[in-house]
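In what follows, a single structure is set out as structure tokens and then discussed.
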Ligand SMILES: O=C(O)CCC(=O)C(=O)O
Ligand SMILES: [Fe+2]
């Protein structure tokens, strides 16, 4: 089953409602599920009672956007590791990050280097992914050493380590090409990325309420108010919100409206110069306005997790509710970004050595 966020006809909802109630009751009994069909098993296992309840009580017109979790600003905002002074985040910066849900822009690359990289990105974007066998902006780091090299820059890795800890994997990356006049990417949020097929989360943290995933978004072109820089709803990472099915808004192919406090004073626009980046919790509501200019807005992101968290354990494929693609995971794996993976909880892929030394100086000419 793929829960497309659209309002179903009344008769379908009338059939689905008692079934969902039954599944919720079955979950409460904690009886075995091994003999049930896989979809049903997944729903019993991965949907919290809160997830059932929002669906049932709304007559299947509302749902959590992702697995519910709550975040509390820690009392102690000291960095989790000590890094080279060049990359150090102050306690004040870290506290603000925990309160807002994002930090940036921070500097990493020279605009000339990014200008030179634009063509590679535009070419990569049009080619068939060697990982998935179709054209997709996802996970192109597997086949693009230059892209992966940028992700390993200590300006990025050392900042992430201070928030997530010393040992980090990258589990997903994406290129974001916003061509001239491209529409907005609507406000959205994610926690364990169950949002993708609404059955199986990608990420399995020991405690969902802690920070277990960070996104780094790197601007290749200047990202401005006019061409759709990133916007954030400050403080919205403290809980996972619900969506109303259907409606004018949405995210790629999914039509819904996100239910959150629409106080305009909470929206922060974060323009970035080419080569700068932003770190944010995917749980913080974010999006970008339309590109009203005649120029591209190119960017790429990486999604990092601590190594003590399993990604897609035992999962062979997933279907993206947003873009409809079916992603077979045979050639996918997490890649070590920093430190060591002592847990090996996820399938792993090894990529080329780092491109930068600890001060951010190139070790070799990027391929
Ligand atoms: O590039 C954009 O406009 C959106 C980026 C985004 O949603 C993400 O990196 O998670
Ligand atoms: Fe996002």
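Residue numbers (the working numbering): 39 to 405. Glycine residues also receive a C-beta, built at the ideal position from the N, C-alpha and C atoms. In this text the structure is predicted, and so the values were computed from the model without any measurement.
At a cut of 8 Å, does the region 303 to 312 reach the region 257 to 266 through at least three beta carbon pairs?
yes
Nearest to residue 344 by CA position, among 383, 390, 330 and 51, is which residue?
383
What residues in its chain sit with their C-beta under 8 Å from that of residue 198, if we drop five residues either side in the sequence?
206, 252, 254, 317, 342, 375 and 376
When you compare the region 269 to 282 with the region 86 to 100, are there three or more beta-carbon pairs, one atom per stretch, that lie closer than 8 Å?
yes
Pick helix, strand or coil for residue 380, following the three-state DSSP scheme.
coil
Own chain partners of residue 262 with C-beta closer than 7 Å, once the 5 adjacent residues on each side are dropped
309
For the alpha helix (DSSP H) holding residue 187, just list the boundary residues, first then last.
183 to 189
Would you mind sorting residue 178 into buried or exposed? The rule is 16 or more other CB atoms within 10 Å of its CB.
buried
Rounded C-alpha distance that separates residue 395 from residue 124
13 Å
Enclosing beta strand (DSSP E) for residue 84 [first to last residue]
Careful: residue 84 lies outside any beta strand (DSSP E), inside the alpha helix (DSSP H) at 76 to 84.
DSSP has residue 369 in a bridge; who is on the other side?
Beta-bridge pairing links residue 369 to no other residue.
Just grab the DSSP bridge partners of residue 256 for me.
315 and 338
Taking 8 Å as the cut-off, decide whether the C-beta atoms of residue 194 and residue 326 are in contact.
no
Cut-off 8 Å between Cβ atoms - residues of its own chain near residue 89, not counting five sequence neighbours on either side:
101, 102, 105 and 106
Less than 8 Å between the CB atoms is what I'm expecting for residue 324 and residue 379, so what's the real figure, rounded?
Contact flag wrong, Cβ pair sits at about 28 Å.
Among 151, 401 and 370, nearest to residue 386 - alpha-carbon criterion
370
Taking residue 208 as the reference, give the member of 373, 388, 400 and 391 with the closest Cα.
373
Please name the residue, chosen from 287, 388, 215 and 80, that lies closest to residue 157 on a Cα-to-Cα basis.
215
Is it true that the region 170 to 189 meets the region 233 to 243, where meeting means three or more beta-carbon pairs spaced less than 8 Å apart?
no
Which residues neighbour ligand 1 when neighbourhood means a C-beta less than 7 Å away from any of its non-hydrogen atoms? List them by chain order.
212, 214, 216, 223, 226, 253, 255, 266, 268, 320, 324, 325, 326, 337 and 339
Tell me, please, whether the region 228 to 238 touches the region 346 to 362 by the rule of three or more beta-carbon pairs shorter than 8 Å.
yes
In its own chain, which residues sit with a C-beta less than 8 Å from the C-beta of residue 143, not counting the 5 before and 5 after it?
257, 308, 309, 310, 311, 314, 315 and 316
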